[in-house]
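**Student:** Chains as they are written, first to last, in our numbering: chain A, 2 to 414; chain B, 2 to 414.
Input: one structure, supplied below.
Number of protein chains: 2
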Amino acid sequence: MHAEIIAIGSELLTPERTDTNSLWLTRKLNDIGIEVKLKTIVGDDVPRLEETIRDAVKRSDVVITTGGLGPTEDDLTRQVSAKALNRKLEYHIELEDHLRERFRGWGREMPEINKRQAYAIAGCEVLPNPNGSAVGMYLNDGNTHIAIFPGPPREMQPMFENFVFEKLKAASGGVSIFRRLLKVSGYGESALDEAIAPIYTKFKDVQTSILFNKSEIDVELALRAENKEEANRTLDELRSEIVAKLGVAVFSVQGETMEQVVGRLLREAGKTVSVAESCTGGLIGSRLTDVPGSSSYFIEGVVAYSNEAKVRTLNVPQPTLDEFGAVSAETAAAMAEGIRERAETDFAVSITGIAGPDGGSADKPVGLVYLGFADEAGTKTLKLNLPGDRSLIRWRASQAALDYLRRQLLKAT
Amino acid sequence: MHAEIIAIGSELLTPERTDTNSLWLTRKLNDIGIEVKLKTIVGDDVPRLEETIRDAVKRSDVVITTGGLGPTEDDLTRQVSAKALNRKLEYHIELEDHLRERFRGWGREMPEINKRQAYAIAGCEVLPNPNGSAVGMYLNDGNTHIAIFPGPPREMQPMFENFVFEKLKAASGGVSIFRRLLKVSGYGESALDEAIAPIYTKFKDVQTSILFNKSEIDVELALRAENKEEANRTLDELRSEIVAKLGVAVFSVQGETMEQVVGRLLREAGKTVSVAESCTGGLIGSRLTDVPGSSSYFIEGVVAYSNEAKVRTLNVPQPTLDEFGAVSAETAAAMAEGIRERAETDFAVSITGIAGPDGGSADKPVGLVYLGFADEAGTKTLKLNLPGDRSLIRWRASQAALDYLRRQLLKAT
């Protein structure tokens, strides 16, 4: 089955905003084996909206609209969709009563303008809105399922889940899409594809997508199937083979972020960590503490941006800075040792580098980053050359540091 | 003049990705007085793509497509757009030669498959691609301007700027949209609207939009006009009146971020800053150092997540923690004084709060945040109650801290 999604509202045609409801809807539809073939974003424009709905209904099995159900004159979806479907609008006194009651619940009288929201397309099923004043509509017109929702996600999503999802699932014949997500660090896109192509090509029914994010690669496995157990078995088998091939480079098979994985490893081991940052300026600490409950393992961070701070707060020896410079393996090691001693943690990670755009040289170019790791067994360092602009280098450096910490934790715990 | 934008490619119909080229194009088109009336996202699907292009050309003055010009079988834009426009595809030997040459420049032989990229729609102007192998096409078909671009932004954008922008600008009759952007902190959306509506409603030709972001409000002024001087005069007058009304709450009139503004103020005054963070975990330091050149004024940050860290590194007196708790005005003040003394900076800012989801109480609920500010004149604190989930509270807390710093800097320097 094929779907089209129509997002309605002139604010979605500005340079600042676009439709994002369709991403959520697409996942839901894909999950029950329905493919999205076309998306339209149309403003408060009668002829274009009418033509869009007419065309969609003519050619697609499922048509979903979002937006344009508010009480003002701009909100055209009710009238125009009725017209495009060659149906009338019907007035529902019980909807008006219900609206008046809700407004009273909010301590206000219903403005007369909201009466418009008591109209629905003749013959449709009215879909109650738990979180707003605009009801939705569902109808089956010939062979096409048509669902009309308000625009705000917190209104649209429960309405879709509660009143439309099961209908579409039944109509699509019980086929579902099952998925697995693996997150991989430390591989380039082509090297990763080369490594796992011999595996995933054996699984002809599974669609394997490799998506490069700014510092990690997501490998998504999707399988369209009727039988849940069989599908899960196939996907688990493929996933296991990929994990066996890539080993520790797979940092998550549950959709966790890198900082969540690091946090879980620390919590499971009952260990603590501290960080000493230079070029990332606090980003590593910020990411680690973005995880709820991180206070049980994250103790202290120091952003030693100046050399003085490195000396006075992290005990980096002045001769180390003089001889090797702030961006060096030696300084990274001293930073990790310094914060570990200060914070009295099991582990410590440090970072120093050149994020640019200025400050690079032939010897030490922009993107040069040293990581340090200290625990009771000693101190290690790692040298990296990261591509990108300042923000991207900083992000990638924080990701590399967290990944370095993760790999050391796996060895140490 | 009215435009439609068509984004082509099945990858844009997945749950993970959608078209974003249209946002950039919309701003460019708006700037020359062309309104975008409809956007379509269509996959590698011949009938739907053909119908989409046909409909668009029939009803709009400008039609722009992006994507689908690659060398593989999935890339349908060339054939299908030619068919929709009732034109033939023509083979250009000079394009093939040029492609072969480019591939040689990359140290490879051109794969035979890339020959497809040497075809162009009959009668079109071929648009060279400075950053890729797919050329674009432009044609004026009856009254409609049609421009066909590859999908990658770094290929599409210079091609639009270099070969299409001036044509459309001339056709749209020299009308442009002039803009001003003001960023405001410390106001709610309705309170802000109430404050400035009496001003902007006097300027009937200017479209004033108030957009709430996660911790600030953008006020965008847009004026469609022919005469540049006159438009700039009107916008500057309106902007001045708004700034006069809102005062220090307007933190940027040039599109700068809060951290850029704070950085500029520090640089202009030749002063230095340090930060002591608890609930934000390094986010304030990370934002301050995201600005190139921040090492000239940002000296040191401490993420004192545990109470021990507050005592040992920031010299917060243990009795202060015992009596008032870690989340208190007294602790915030001691943290600011402690980091200022340690880092020997002119100014210091501190933050302590409860980001949630756990850790709140009736007395000290999730979202309670104390800010501290220390300089040679003494120490001040500010109490806030911030709404949102953990990430949003942390972001808003960092924004409030930077804004607090900004306001103190304006008084102190």
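Just so you know, even glycine gets a beta-carbon here, dropped at the ideal spot from N, CA and C.
State yes or no: is the C-beta of B/Gln-261 nearer than 7 Å to some heavy atom of the ligand GTP?
**Tutor:** As presented, the structure is devoid of all ligands, the ligand GTP included, so that no description of it is given.
**Student:** To the nearest angstrom, how far is the alpha carbon of A/Asn-141 from that of A/Glu-217?
**Tutor:** Along the first sequence, read from residue 1 onward, the residue named residue 141 of chain A stands at position 140. Along the first sequence, read from residue 1 onward, the residue named residue 217 of chain A stands at position 216. A/Asn-141 and A/Glu-217: Cα-Cα distance of roughly 43 Å.
**Student:** Could you tell me whether the Cβ atoms of A/Val-64 and A/Glu-5 are closer together than 8 Å?
**Tutor:** Translated into the one-based positions of the first sequence, residue 64 of chain A becomes position 63. Translated into the one-based positions of the first sequence, residue 5 of chain A becomes position 4. Yes.
**Student:** So the candidates are A/His-146, A/Thr-145, A/Leu-100; which of them puts its Cα closest to the Cα of A/Asn-130?
**Tutor:** Within the first sequence, residue 130 of chain A is the residue found at index 129, counting from 1. When only C-alpha atoms are compared, the closest one is A/Leu-100.
**Student:** Distance cutoff 8 Å, beta carbons only. Does A/Gly-282 sit that close to anything in chain B?
**Tutor:** To locate residue 282 of chain A, count along the first sequence from 1; it is residue 281. It does; some Cβ of chain B falls within 8 Å.
**Student:** Name the two residues that bound the continuous alpha helix (DSSP H) containing A/Leu-266.
**Tutor:** Residue numbering aside, residue 266 of chain A sits at position 265 when the first sequence is read from its first letter. Counting along the chain, the alpha helix (DSSP H) containing A/Leu-266 begins and ends at 259-270.
**Student:** Return the CA-CA distance between A/Ile-243 and A/Ala-192, expressed in angstroms with no decimal places.
**Tutor:** If you number the first sequence from 1, residue 243 of chain A lands on position 242. If you number the first sequence from 1, residue 192 of chain A lands on position 191. A/Ile-243 and A/Ala-192: Cα-Cα distance of roughly 14 Å.
**Student:** Against chain B, with Cβ distances strictly below 8 Å, would A/Lys-38 count as a contact?
**Tutor:** Within the first sequence, the letter at position 37 stands for residue 38 of chain A. Cβ-Cβ to chain B under 8 Å: yes for A/Lys-38.
**Student:** Where does B/Gln-208 fall in DSSP's three states?
**Tutor:** Start at 1 with the first residue of the second sequence, and residue 208 of chain B comes out as number 207. If DSSP states are grouped into helix, strand and coil, B/Gln-208 belongs with the strands.
**Student:** So is A/Ser-287 in contact with chain B if we call contact Cβ pairs under 8 Å?
**Tutor:** As a position in the first sequence, residue 287 of chain A is number 286, starting the count at 1. Yes, its Cβ sits closer than 8 Å to a Cβ of chain B.
**Student:** According to DSSP, which residues form a beta bridge with B/Met-138?
**Tutor:** Along the second sequence, read from residue 1 onward, the residue named residue 138 of chain B stands at position 137. Answer by DSSP bridge pairing, in chain order: B/Val-127, B/Ile-149.
**Student:** For A/Ala-223, which residues of its own chain have a beta-carbon under 6 Å away from its beta-carbon, when the five flanking residues on both sides are left out?
**Tutor:** Within the first sequence, the letter at position 222 stands for residue 223 of chain A. Correct list, in chain order: Ile-178, Arg-180, Gln-208.
**Student:** Where DSSP assigns a beta bridge to A/Lys-381, which residues make up the other side?
**Tutor:** One-based indexing of the first sequence puts residue 381 of chain A at position 380. In the DSSP output, where bridge partners are listed per residue, A/Lys-381 has A/Phe-374.
**Student:** Whole angstroms is fine: what's the gap from A/Thr-332's alpha carbon to A/Tyr-371's?
**Tutor:** To locate residue 332 of chain A, count along the first sequence from 1; it is residue 331. To locate residue 371 of chain A, count along the first sequence from 1; it is residue 370. Roughly 9 Å between the two C-alpha positions.
**Student:** Based on Cα-Cα distance, which residue from B/Ala-123, B/Lys-205, B/Val-251 lies nearest to B/Leu-182?
**Tutor:** Counted from its first residue, the second sequence places residue 182 of chain B at position 181. It is B/Val-251 whose Cα lies nearest to the Cα of B/Leu-182.
**Student:** Note down the Cα distance separating A/Ala-121 from A/Glu-231, rounded to an integer number of angstroms.
**Tutor:** By 1-based counting over the first sequence, the position of residue 121 of chain A is 120. By 1-based counting over the first sequence, the position of residue 231 of chain A is 230. Cα-Cα distance, rounded: 43 Å.
**Student:** Can you confirm whether the stretch 103-122 of chain B touches the stretch 21-35 of chain B when touching is taken to mean that 3 or more C-beta pairs between the two stretches lie within less than 8 Å?
**Tutor:** No contact exists between the stretch 21-35 of chain B and the stretch 103-122 of chain B.
**Student:** Check whether the stretch 343-360 of chain A touches the stretch 271-286 of chain A, counting contact only when three or more Cβ pairs, one atom from each stretch, lie closer than 8 Å.
**Tutor:** Judged by Cβ distances under 8 Å, the stretch 343-360 of chain A makes contact with the stretch 271-286 of chain A, as three or more pairs qualify.
**Student:** Can you round the beta-carbon distance between B/Val-274 and B/Ala-349 to whole angstroms, since I take them to be within the 8 Å contact cut?
**Tutor:** Residue numbering aside, residue 274 of chain B sits at position 273 when the second sequence is read from its first letter. Residue numbering aside, residue 349 of chain B sits at position 348 when the second sequence is read from its first letter. Sure, about 7 Å apart at Cβ, within 8 Å.
**Student:** On a CA-only basis, which of A/Gly-357, A/Met-336, A/Lys-168 is nearest A/Asn-386? Give me that one, please.
**Tutor:** Locating residue 386 of chain A in the first sequence gives position 385, where the first residue counts as 1. When each option's Cα is compared against that of A/Asn-386, the closest is A/Gly-357.
**Student:** With C-beta atoms as the reference, is A/Ser-23 less than 8 Å away from A/Lys-40?
**Tutor:** Translated into positions along the first sequence, residue 23 of chain A becomes position 22. Translated into positions along the first sequence, residue 40 of chain A becomes position 39. Yes.
**Student:** To which residues of the same chain is A/Leu-393 closer than 7 Å at the C-beta, ignoring the five residues directly before and after it?
**Tutor:** In the first sequence, residue 393 of chain A corresponds to position 392, counting from 1. Result list for A/Leu-393: Lys-215, in chain order.
**Student:** Chain B partners of A/Glu-301, CB-CB under 7 Å?
**Tutor:** One-based indexing of the first sequence puts residue 301 of chain A at position 300. Under the 7 Å cutoff, chain B gives Val-304, Ala-305, Tyr-306, Ser-307, Ala-310, Thr-314.
**Student:** Quick one: what's B/Phe-299 bridged to in DSSP?
**Tutor:** Sequence index remark: in the second sequence, residue 299 of chain B carries index 298 (1-based). In DSSP, B/Phe-299 forms a bridge with B/Val-274.
**Student:** With H, G and I counted as helix, E and B as strand and the rest as coil, what does DSSP make of B/Arg-6?
**Tutor:** Residue mapping note: residue 6 of chain B aligns to position 5 of the second sequence, counting from 1. The amino acid at residue 6 of chain B is misidentified as Arg; the sequence shows Ile. Strand, per DSSP.
**Student:** May I ask you to report which of helix, strand or coil DSSP gives A/Glu-36?
**Tutor:** The sequence position of residue 36 of chain A within the first sequence is 35, counting from 1. DSSP places A/Glu-36 in strand when its eight states are reduced to three.
**Student:** Please list the partners that A/Pro-154 has in chain B, where partner means a Cβ-to-Cβ separation under 9 Å.
**Tutor:** For this step, residue 154 of chain A is matched to residue 153 along the first sequence. The contacting residues do not exist; A/Pro-154 stays about 14 Å from chain B at best.
**Student:** Put B/Lys-332 into one of helix, strand or coil per three-state DSSP.
**Tutor:** Taking the first residue of the second sequence as 1, we reach residue 332 of chain B at position 331. It should be pointed out that residue 332 of chain B corresponds to Thr in this sequence rather than to Lys. In the structure shown, B/Thr-332 sits in a helix (DSSP, three-state: H, G or I).
**Student:** Report the rounded CA-to-CA distance for B/Asp-32 versus A/Val-304, giving the unit in angstroms.
**Tutor:** Reading the second sequence from its first residue, position 31 is the one you call residue 32 of chain B. Reading the first sequence from its first residue, position 303 is the one you call residue 304 of chain A. Near 43 Å, if we compare the C-alpha coordinates of A/Val-304 and B/Asp-32.
**Student:** Can at least three beta-carbon pairs, one atom from the stretch 283-290 of chain A and one from the stretch 286-297 of chain B, be found at a separation below 8 Å?
**Tutor:** Yes, since at least three Cβ pairs between the stretch 283-290 of chain A and the stretch 286-297 of chain B fall closer than 8 Å, the two stretches touch.
**Student:** Can you pull out the residues from the stretch 43-70 of chain B whose beta carbon lies closer than 8 Å to at least one beta carbon of chain A?
**Tutor:** Listed by position, the residues of the stretch 43-70 of chain B near chain A (Cβ gap below 8 Å) are Val-43, Gly-44, Asp-46, Pro-48, Arg-49, Glu-52, Thr-53, Asp-56, Arg-60.
**Student:** Any C-beta of chain B within less than 7 Å: which residues of the stretch 123-148 of chain A qualify?
**Tutor:** Against chain B - using a Cβ distance shorter than 7 Å - the stretch 123-148 of chain A contributes no residues.
**Student:** Whole angstroms is fine: what's the gap from B/Val-176's alpha carbon to B/Arg-225's?
**Tutor:** As a working mapping, residue 176 of chain B is identified with position 175 in the second sequence. As a working mapping, residue 225 of chain B is identified with position 224 in the second sequence. In a straight line, the C-alpha of B/Val-176 is about 7 Å away from that of B/Arg-225.
**Student:** Nearest CA to the CA of B/Glu-342: which residue from B/Val-328, B/Gly-302, B/Tyr-188?
**Tutor:** Here residue 342 of chain B corresponds to residue number 341 of the second sequence, with the count starting at 1. Checking every option, the nearest Cα to that of B/Glu-342 belongs to B/Gly-302.
**Student:** With a threshold of 16 other CB atoms inside 10 Å of the CB of A/Tyr-201, please say whether the residue is buried or exposed.
**Tutor:** Within the first sequence, residue 201 of chain A is the residue found at index 200, counting from 1. So A/Tyr-201 counts as buried.
**Student:** For my contact list, B/Gly-373 and B/Ala-337 are in at a C-beta cut-off of 8 Å; report their separation, rounded to the angstrom.
**Tutor:** As a first step, residue 373 of chain B is located in the second sequence; it is residue number 372 there, counting from the start. As a first step, residue 337 of chain B is located in the second sequence; it is residue number 336 there, counting from the start. At roughly 3 Å, the Cβ-Cβ gap stays under 8 Å, so B/Gly-373 and B/Ala-337 are in contact.
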